[in-house]
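**Q** Chains as they are written, first to last, in numbering that gives the first Met the number 0: chain Z, 0 to 95; chain F, 0 to 365.
Glycine included, C-beta positions come from ideal geometry on N, C-alpha and C.
Please read these numbers as outputs of a predicted model, since none were measured by experiment.
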Amino acid sequence: MASRKIGDRRLGIVGAGKLGTTIGRVANAAGYDVAMSGSGPAERIALTVEVLAPGARAVTTKEVVGHADLIVLAIPTHRFRELPRELSAGKSSSMR
Amino acid sequence: MTSQAIEFGLDTPVYVTVDESGRALDGDVVIRNTVEEAVFAEAVGIDSFNIGEHYRADFMDSAGHVMLAAIAARTEHIRLGTAVTVLSTQDPVRVYTEFATLDAVSNGRAQLIVGRGSLTDSFPLFGFDLAEYETLFEENLDLLTRLLRDQPVTWSGTSRSPLTEQYVSPRLPEGHLPTWVGVGGSPQSVIRAARYGLPLMLAIIGGHPSRFAPYVELYKRALGEYGHSLLPVGMHSLGFVAKTDEEAVDVQWPFWSEMLEMASAERGWARPTMSKFRDEIADGSLYVGSPETVATKLAANIRLLGLSRFDLAYAVGRVPHEQRMATIELYGREVIPRVRELLEDPPVQLVPSDALAAANNAGFHG
Numbered sequence: 000m001a002s003r004k005i006g007d008r009r010l011g012i013v014g015a016g017k018l019g020t021t022i023g024r025v026a027n028a029a030g031y032d033v034a035m036s037g038s039g040p041a042e043r044i045a046l047t048v049e050v051l052a053p054g055a056r057a058v059t060t061k062e063v064v065g066h067a068d069l070i071v072l073a074i075p076t077h078r079f080r081e082l083p084r085e086l087s088a089g090k091s092s093s094m095r
Numbered sequence: 000m001t002s003q004a005i006e007f008g009l010d011t012p013v014y015v016t017v018d019e020s021g022r023a024l025d026g027d028v029v030i031r032n033t034v035e036e037a038v039f040a041e042a043v044g045i046d047s048f049n050i051g052e053h054y055r056a057d058f059m060d061s062a063g064h065v066m067l068a069a070i071a072a073r074t075e076h077i078r079l080g081t082a083v084t085v086l087s088t089q090d091p092v093r094v095y096t097e098f099a100t101l102d103a104v105s106n107g108r109a110q111l112i113v114g115r116g117s118l119t120d121s122f123p124l125f126g127f128d129l130a131e132y133e134t135l136f137e138e139n140l141d142l143l144t145r146l147l148r149d150q151p152v153t154w155s156g157t158s159r160s161p162l163t164e165q166y167v168s169p170r171l172p173e174g175h176l177p178t179w180v181g182v183g184g185s186p187q188s189v190i191r192a193a194r195y196g197l198p199l200m201l202a203i204i205g206g207h208p209s210r211f212a213p214y215v216e217l218y219k220r221a222l223g224e225y226g227h228s229l230l231p232v233g234m235h236s237l238g239f240v241a242k243t244d245e246e247a248v249d250v251q252w253p254f255w256s257e258m259l260e261m262a263s264a265e266r267g268w269a270r271p272t273m274s275k276f277r278d279e280i281a282d283g284s285l286y287v288g289s290p291e292t293v294a295t296k297l298a299a300n301i302r303l304l305g306l307s308r309f310d311l312a313y314a315v316g317r318v319p320h321e322q323r324m325a326t327i328e329l330y331g332r333e334v335i336p337r338v339r340e341l342l343e344d345p346p347v348q349l350v351p352s353d354a355l356a357a358a359n360n361a362g363f364h365g
């Protein structure tokens, strides 16, 4: 896994809905290298990401975890339980 | 194709309005007043009248199809529809029977916009789990489109009992019951509309409509990926028309403000201010002003997004019946003809309206 430092300009987003694509678009415009995922394979959100968050990459949730230390969860609250455990391994959470 | 082919409608959640002294009317009076508003809408040349679906004390549209039937009996041409039918918590078989019957009663004037709705009240009311909202909508849309396009229907899912070789009466004439998918900004919903080959209705109720241009692009690209030809895109926005810009602002402001104060308290939205109100009118999604002001803005945004349909959610909040009637008259007699005129030069490119009927007949065999 690539080494990561404070000030890393990489951002991961889990969720390619209204919120996720909006954050992806804004973050990309602000110079972040953005990778985002939906609930299934990357192809399922490829068109959405290409049109609504151009510059961001559509990947799997596992790849989002490998991509960045800073990960935004842009998913409905009832879906949190379905997230893979390794998502939070070695990462601190702003949710308590 | 000319601007004559664009459909201009009215949408309402049947607000509990106030009388001239500011006292709230009883719900039954509000419902009868709304029927009068729809009858008047036909008289002034408006193409469609569409009723929402909510389950709240401030909205009287919990059974819009009954009101639409009453309107059907008193009109001849105006199309009668929903904005929106909350399909997540309705049995699609029941929606089919109600609106196929409305189509018969109205001699072919029924139409639907189906959506997930923006409020959640119907879930506990009808015993559904909000966590299932996505599955419920997907399955219910699947069954409804099959009932509309391809009877007899054999279907199974998790949201209701299966059907086998089922016919449901009354049968619809070919191409009937135009069914649009209402979307508020969810990309998944845009893609879903394209996947089912259904026309797209965008609810644009804040900010500049150009923000929705990428959604139109997403819809077109997705239609192509699913092998469908281009289909119409419509827009629903809020507004109020009066003789002058000042009068429109003066009448609409207190009611708009009152409604957003409630939404702010209930849903944590930003509190309304006069400057935000004026910004939305000048450069956002509120169509408040004189007929010329509203028509100019509307024509520009119809061109911008390539729209085939516009529904004005007229008179936001508890605006009294008399002023609702006045806004309907100006919208029908002045705004719509003026928008059509503005769109003639240079002419707009429209998706042919027969694409709608084709969408409805699109086989589900493939």
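Quick one: Cα of ARG78 of chain F to Cα of ASP46 of chain F, how far?
**A** Cα to Cα, the separation comes out at about 6 Å.
**Q** In this structure, does DSSP put GLY362 of chain F in helix, strand or coil?
**A** Here GLY362 of chain F scores only 44 on pLDDT, less than 50, and its place in the model should not be relied on; the value that follows carries that caveat. GLY362 of chain F: coil per DSSP, three-state reduction.
**Q** Going by DSSP, name the residue or residues bridged to PRO346 of chain F.
**A** In the DSSP output, where bridge partners are listed per residue, PRO346 of chain F has F:GLU343.
**Q** What number of angstroms, rounded off, separates the C-alpha of ARG95 of chain Z from the C-alpha of GLU81 of chain Z?
**A** Any answer about ARG95 of chain Z is weak, because its pLDDT of 41 lies below 50 and its placement is not dependable; what the coordinates show is given next. Taking the straight line joining both Cα atoms gives about 18 Å.
**Q** In the DSSP output, which residue or residues are listed as bridge partners for GLY11 of chain Z?
**A** For GLY11 of chain Z, which the question treats as bridged, DSSP gives the partners Z:ALA34, Z:ILE70.
**Q** Secondary structure at ALA106 of chain F, three-state DSSP: helix, strand or coil?
**A** As written in the sequence, residue 106 of chain F is Asn, which differs from the Ala given in the question. ASN106 of chain F: coil per DSSP, three-state reduction.
**Q** When the Cβ atoms of the region 283-294 of chain F are set against those of the region 171-190 of chain F, are three or more pairs found closer than 8 Å?
**A** In short, these stretches do not touch, since the Cβ pair count stays below three.
**Q** Hey, how far is the Cα of ASP310 of chain F from the Cα of ASP60 of chain F?
**A** When rounded, the distance between both Cα atoms is 17 Å.
**Q** Does ALA192 of chain F come within less than 8 Å of chain Z when only Cβ atoms are used?
**A** Chain Z contact via Cβ: absent.
**Q** Mark MET234 of chain F as exposed unless 16 or more other C-beta atoms lie within 10 angstroms of its C-beta, in which case mark it buried.
**A** When all chains shown are included, MET234 of chain F counts as buried.
**Q** Determine the DSSP secondary structure at PHE239 of chain F, reduced to helix, strand or coil.
**A** Reduced to three states, the DSSP call for PHE239 of chain F is strand.
**Q** Between the Cα of ASP282 of chain F and those of F:MET200, F:SER168, F:HIS207, spot the shortest distance and give me the residue it belongs to.
**A** Ranking the options by Cα distance to ASP282 of chain F, first place goes to F:HIS207.
**Q** Given GLU260 of chain F, which residues of its chain have a CB within under 8 Å of its CB, disregarding the five upstream and five downstream residues?
**A** The residues are ARG270, PRO271.
**Q** Does LEU197 of chain F come out as helix, strand or coil in the three-state DSSP assignment?
**A** Note: LEU197 of chain F maps to coil in three-state DSSP.
**Q** Say whether the region 98-113 of chain F touches the region 40-50 of chain Z, bearing in mind that this needs 3 or more beta-carbon pairs closer than 8 Å, one atom from each stretch.
**A** No contact exists between the region 98-113 of chain F and the region 40-50 of chain Z.
**Q** Going by beta carbon distance, what residues of the same chain come within less than 8 Å of PHE127 of chain F, once the five residues before and after it are set aside?
**A** Closer than 8 Å at the Cβ level, and outside the excluded window around PHE127 of chain F, lie SER87, THR88, SER121, LEU135.
**Q** Let me see if you follow: with CB-CB separation under 8 Å, is ARG220 of chain F close to chain Z or not?
**A** Output row for ARG220 of chain F: interface = yes.
**Q** Bridge partners for PHE84 of chain F per DSSP, in chain order?
**A** In the sequence as presented, Phe is not what sits at residue 84 of chain F; that position holds Thr. For THR84 of chain F, which the question treats as bridged, DSSP gives the partners F:VAL113.
**Q** Does TYR95 of chain F come out as helix, strand or coil in the three-state DSSP assignment?
**A** TYR95 of chain F falls in the helix class under three-state DSSP.
**Q** Kindly indicate if chain F contains any beta-carbon less than 8 Å away from that of VAL58 of chain Z.
**A** Cβ-Cβ to chain F under 8 Å: no for VAL58 of chain Z.
**Q** Could you round the C-beta distance between GLY316 of chain F and TRP255 of chain F to whole angstroms and report it? I think they count as a contact, below 8 Å.
**A** With 8 Å as the limit, GLY316 of chain F and TRP255 of chain F qualify as a contact, their Cβ atoms being about 6 Å apart.
**Q** Do ILE371 of chain F and LEU329 of chain F have their CB atoms nearer than 8 Å?
**A** Nothing about residue 371 of chain F can be reported from this structure: the residues present for chain F run from 0 to 365 only.
**Q** Can you give me the Cβ contacts of ILE369 of chain F inside the same chain, cut-off strictly under 6 Å, excluding the 5 residues immediately before and after it?
**A** The structure shown has nothing for residue 369 of chain F, since chain F only spans 0 to 365.
**Q** Given that HIS77 of chain Z touches chain F, what residues does it touch there, using C-beta distances under 7 Å?
**A** Result: ALA130.
**Q** Which term fits PHE79 of chain Z, buried or exposed, when burial requires 16 or more other beta carbons within 10 angstroms of its beta carbon?
**A** Looking at its Cβ environment, which holds fewer than 16 other Cβ atoms inside 10 Å, PHE79 of chain Z is exposed.
**Q** Counting only runs of 4+ residues fully inside the region 152-235 of chain F, write out the alpha helix (DSSP H) ranges in chain order.
**A** DSSP runs (the alpha helix (DSSP H)) wholly in the region 152-235 of chain F: 186-194, 212-224.
**Q** Just to confirm the assignment, what range does the alpha helix (DSSP H) spanning GLY44 of chain F have?
**A** Here GLY44 of chain F belongs to no alpha helix (DSSP H), and DSSP marks it neither H nor E.
**Q** Measuring CA to CA, which of F:GLU6, F:ALA262, F:LEU147 is closest to PHE98 of chain F?
**A** When only C-alpha atoms are compared, the closest one is F:LEU147.
**Q** Suppose you measure from the CA of LEU67 of chain F to the CA of ILE50 of chain F; what does that come to, to the nearest Å?
**A** Using only the alpha carbons, I get a separation of about 8 Å.
**Q** With ILE112 of chain F and GLY181 of chain F assumed to form a contact (beta carbons below 8 Å), what rounded beta-carbon distance in angstroms separates them?
**A** ILE112 of chain F to GLY181 of chain F, Cβ: 4 Å. Contact.
**Q** Tell me which same chain residues have a C-beta within less than 8 Å of the C-beta of PRO319 of chain F, skipping the five on either side of it?
**A** Closer than 8 Å at the Cβ level, and outside the excluded window around PRO319 of chain F, lie THR16, VAL17, ASP18, GLU19.
**Q** Let me confirm a value: TYR14 of chain F is counted as buried when at least 16 other C-beta atoms fall within 10 Å, else exposed. Which label applies?
**A** When all chains shown are included, TYR14 of chain F counts as buried.
**Q** Using 8 Å as the threshold, is the C-beta distance between ALA73 of chain Z and VAL58 of chain Z below it?
**A** Cβ atoms of ALA73 of chain Z and VAL58 of chain Z: not closer than 8 Å.
**Q** Identify, in the order they occur along the chain, each residue of the same chain with its Cβ nearer than 7 Å to the Cβ of SER209 of chain F, setting aside the five sequence neighbours on each side.
**A** Here the set comprises LEU303.
**Q** So the alpha helix (DSSP H) GLY267 of chain F belongs to, where does it begin and stop?
**A** Looking at the DSSP string, GLY267 of chain F is not in any alpha helix (DSSP H), and its letter there is neither H nor E.
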